[in-house]
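Residue numbers (the numbering used here), protein chains in the order written: chain A, 1 to 568; chain B, 1001 to 1364.
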Amino acid sequence: MAALKRRSALLERVESSPANPARGTAAAGPPDRRVEGRKQAPLPLTAAAFIVGVLFAFPALYLTWRNVTSDSDPLGLLTSSRTLEPLRRSVVLAVLVSASTAVLGTALAWLTARTDLPGRRIWRVLLPLPLAYPTFVGAAAFIRTLNPGGLANDLLEGVGIDHSFELRGLFGAWLVLTLFTYPYVYLPVAARLRSLPGSLEESARLLGDSGFSTFRRIVLPQTASAITSGALLVCLYTISDFGAVQLMRYDTLTRAIWTTRLADQPTSFALSAILLVLAVVVVAGERIGSRRLGERRPARTNTSRPLTTPLNRWRLPGLALVGGTIGLALVAPAAALADWGISGLVRNATGGRSLAINASDVVGPAWNTVWVSVVAACVAVFAVLPTAMLLARYRSRVGPITGNVIISTFAMPGLIVALAMFFWTLRSNWAAEYLRGTLFVLVFAYVVRFGAQALGAAQIAVAAVPDRLHDSARVLGAGSFRRLATVDAPLVTPGLLAGGGLVLLSTMKELPITLLVAPFDFPTLTTKIFQSFEDAFVAEAGLLAMVLVVLSGALTWFLVVRRADHLD
Amino acid sequence: MTKIEDSSLRRITATVLAIAIAASFTTACSSDKRELSEKAAAIVTGECRDERNQTVTIYSGRTEYLIRPIIEAFACETGIDVRVRWGNSTDLAILIGEEGTATEADVFLSRSPGPVGFLESRGLLGTIDDEVLSLVDPQNRASSGSWIGFSGRKRVLVRNLDLVSDSELPESVFDLTEDRYRGRVGLPATNGSFEDWFTVFRDTHGDEVATQWLHDMVANDAEYYPNNRAIVEAAGRGEIDMGLVNHYYQYQEAAAAGDSHRAENHDFGPNDIGSLLIITAATILGTTKDRGAAHELLAYLLSPQAQLYFTNQTFEYPLGAGITPNSILPALSALEIGSVDFDSLGGGFEETERIIRESGILTG
């Protein structure tokens, strides 16, 4: 306890120290910290980031190797309309979904973090949850609820409305992906808003700006990097998604990769390489774009509390937006899952066909899902931290390259990541003997696949720690470790938790890697759901998917939202 | 603020520790694998034998729901330990292709012939001994001895009972290109069993006829669906009038959704390509270290108790041990099995994929 008190005492002293110009004057906005003005990166940090970068490059290197050694011809494919059309559709879909999630995610984050919207605490728990649906189940459940003859149809017919509108194609894929991926924007923006001082907004309000004008002039510029990093994840997720586009019957590049994967492997590998190049271009583009944007990063101060903007007459529209999003993204699929699951339970109880699963089929997989995902999320956060620090604080060549590798890998199809794990472990007898089929490789694969989600949030979190705070702490005699523990850790924790939360939710629902890479006899909820769905055991799939969503919700609340709230 | 933060760090540590302890606990508890489930116990005919220090590793493209009881019963009756990697047949075949001769799999079970053809073309399959091969009729196994069929699924037309009357039902898949079926038929065009079926279609009627049929279907506004299950479910809701699917999803959907599922299977005439039987195949990898145990497993899949289980519990067609199909299944006729050389499937698969993509069905 004494140590704890000492730590908090240091932070307080630092923040109130005259050597901290951020104190009370954050409203003036410190100047941009340009790359030229940064310090040289310490060698251990650069080395750590470099090693992580190489490990993250395993899938890309595997894919390159396959393209070079087989008779695949990515360049030739690029000139055929068979490739260009799906490629164009992937790009169109990615642009639309990124744009809509950027708007929706930011609006939701602002409404729940900065306004007097009723029910904020509940919304904060519910809003990240659509990320918990595996798209192959979520999209199917969505169709089951909203398409002709579905649950919503029955409901509407009851009040005399004939509904024959069918979700499919570009619109269907856009809607489903927007609803399932906006948390990629919502979570980092909400975390960013929580760590921003309200003083600027307060001044703006005092000077007569309306709530929305304050939002546009003050909040938006300060959250721009969180928004773009979130939208980047959405964009990469969209170009790599297969579940939703498949069920909505929208023919994108991933579908071409998927349909050719057995019959024509070289083509499948070549198309995957094109996907990867597309991802690298998008990531590099975002980097250049956000550098031009030159975001202002005011220092965080704890002396001013975040401002609560009264919504007044906008309260109802605000509630409608949040409620409508939850209704479509969370409740609509849940309704179908519950319909499947509950009718299965009823049948089971009334002597109809009995359920093909019992409690032990749920408990064991649920437990496996939870602990492997928590481990993967923790490892992912630590793995990306060196890169995040390089990017945010130092002048370094390694930082941007590693960052690009980590983020681009997010666009790799899970199957390629899984195959890469086998490819690399089989390169040596030792690895084949001791690593293949172990949890170690499974966690590694998860981290590689989803590390990108932690990086954006971690980078923003690290960047939010003002240099001056470090300088002040040094002046006050704190060593580098103590500075890390007492100055950085408390300030970056909300951001890291948000990033870790994203990895957690994604890992819990991950399918292709889990199926192929997990040890024998290591069922997870998703592999069980997949098997149930594969052979039309929809009652079982519904029940298991509900367990997955509820568990995701509980974990998100326990590990992410609750802790982040404490830090307000 | 920092005080709360520090205690929350402590709580995170405590949580991680608790997880680690509980994880080791559950691993210790799950070691008793010989406890039989109810379904498995119903398959076992004799007593369980003592373990004999042999292991078979299966990569199974058939799901746990359908085949796990048989595998449990096999482990009990033979004393052979079984490890299974469950997954999608196609992805598992690709994985074996990636692992090559280093694969851990002894046996690969496929939902459909395509993935088997892929492995055969890679030279990764071993030859099954004659004693086991002879358990099924020659038309249900590879002439090369590389695979053996152990159950079958029939292609049928599923239809919505309210939207399609009996008099409207087609006699042949060729009728579906007529104007009266415009926009009413769903095709699972990228599904493994549809692709296998279409490959046999090409083989039987020639590329020109088969390709023309598919183009006519597209011109007739046939609807693409990602898989059989989605079509059966959509037909049950009335989203689509009818669709070409495997017969057995209907039984699962009907069992799950009850009366609200307004769909039924329609069997094309006995001589129609639309009622083809798609075989689920078992193979032994060339690199298996225990051919004996692998053969025992294949023989068990074709034993009377396993074949009875397939037809009565999973509504499939039995292929061995002289077991007759469950009476609720559409009858099989002579042409459906035996007239097709399944060995051509692997090689013809790539071309099938190309024809389907180029037909425009995926973007319609």
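Note that beta-carbon positions come from the ideal geometry of N, C-alpha and C, so glycine has one too.
- Excluding the 5 residues flanking it on each side, residue 169/A has same chain C-beta neighbours closer than 6 Å at 250, in chain order.
- Contact annotation: in the segment 1163–1188 of chain B, no residue has its CB less than 8 Å from a CB in chain A.
- Judged by DSSP in its simplified three-state form, residue 1281/B adopts strand.
- A direct Cα-Cα distance of roughly 43 Å separates residue 355/A from residue 317/A.
- Nearest CB-CB separation between residue 240/A and chain B: not below the 8 Å threshold.
- In this structure, residue 239/A and residue 420/A do not form a Cβ contact; the two beta carbons are roughly 18 Å apart against a cut-off of 8 Å.
- Chain order gives the chain A residues near residue 1084/B as 520, 521, where near means a beta carbon separation below 9 Å.
- In this structure, the straight-line span from the alpha carbon of residue 543/A to that of residue 532/A is close to 10 Å.
- Chain A has no Cβ within less than 8 Å of the Cβ of residue 1072/B.
- Taken in chain order, the members of the segment 373–405 of chain A whose beta-carbon sits within less than 9 Å of a beta-carbon on chain B are 374, 375, 378.
- Around residue 112/A, the same chain offers 120, 123, 124, 127, 190, 322 as residues with beta carbons nearer than 8 Å, after the five sequence neighbours per side are excluded.
- Close to chain B, meaning a Cβ-Cβ distance shorter than 9 Å, are the following residues of the segment 520–539 of chain A: 520, 521, 523, 527, 528, 530, 531, 532, 533, 534, 535, 536, 537, 538, 539.
- DSSP lists 1244/B, 1266/B as the bridge partner or partners of residue 1157/B.
- In chain order, 1234, 1237, 1239 make up the part of chain B whose C-beta sits under 9 Å from the C-beta of residue 147/A.
- Look at residue 386/A here: in three-state DSSP terms it is helix.
- Residue 1130/B counts as exposed, since fewer than 16 other C-beta atoms from the protein chains shown sit within 10 angstroms of its C-beta.
- Under the Cβ distance rule, residue 453/A does not count among the residues neighbouring chain B, no pair being separated by less than 8 Å.
- The residues 97, 238, 244, in chain order, have a CB closer than 6 Å to that of residue 177/A in the same chain once the five nearest residues on each side in sequence are set aside.
- Within the segment 1181–1268 of chain B, complete alpha helix (DSSP H) segments of at least 4 residues are found at 1192–1205, 1207–1219, 1228–1237, 1249–1257, given in chain order.
- Taking a beta-carbon distance threshold of 8 Å, residue 71/A does not count as an interface residue toward chain B.
- Within its own chain, the residues whose Cβ lies closer than 6 Å to the Cβ of residue 66/A, once the five positions on either side in sequence are excluded, are 269, listed in chain order.
- Residue burial annotation: residue 521/A is exposed, with fewer than 16 other C-beta atoms found within 10 angstroms of its C-beta.
- For chain A, the residues of the segment 1111–1123 of chain B that bring a beta carbon within less than 7 Å of one of its beta carbons are 1114, 1115, 1118, in chain order.
- Boundaries of the alpha helix (DSSP H) harbouring residue 1309/B: 1304–1313, taken from the DSSP string.
- Residues of chain A with a Cβ closer than 7 Å to the Cβ of residue 1161/B do not exist; the shortest Cβ-Cβ separation is about 13 Å.
- About 6 Å separates the beta carbon of residue 1148/B from that of residue 1298/B, a gap short enough to meet the 8 Å contact definition.
- In the structure shown, residue 1081/B falls within a strand segment according to DSSP collapsed to helix, strand and coil.
- The C-beta of residue 1264/B comes no closer than 8 Å to any C-beta of chain A.
- Contact between residue 1061/B and residue 1109/B is confirmed by a C-beta separation of about 6 Å, below the 8 Å threshold.
- Our two residues, residue 486/A and residue 470/A, have alpha carbons roughly 10 Å apart in a direct line.
- Scanning the segment 1056–1124 of chain B from its first residue to its last, the whole alpha helix (DSSP H) runs of 4-plus residues come out as 1064–1078, 1089–1099, 1113–1121.
- When the Cα atoms are used, residue 1126/B and residue 1142/B turn out to be separated by approximately 12 Å.
- Under the Cβ criterion of 8 Å, residue 1099/B is counted among the residues facing chain A.
- Under the criterion of beta carbons closer than 8 Å, residue 1317/B and residue 1154/B qualify as touching, at roughly 7 Å.
- In this structure, the straight-line span from the alpha carbon of residue 259/A to that of residue 1047/B is close to 46 Å.
- Between residue 253/A and residue 146/A, the C-beta gap is not smaller than 8 Å, which leaves the two residues out of contact.
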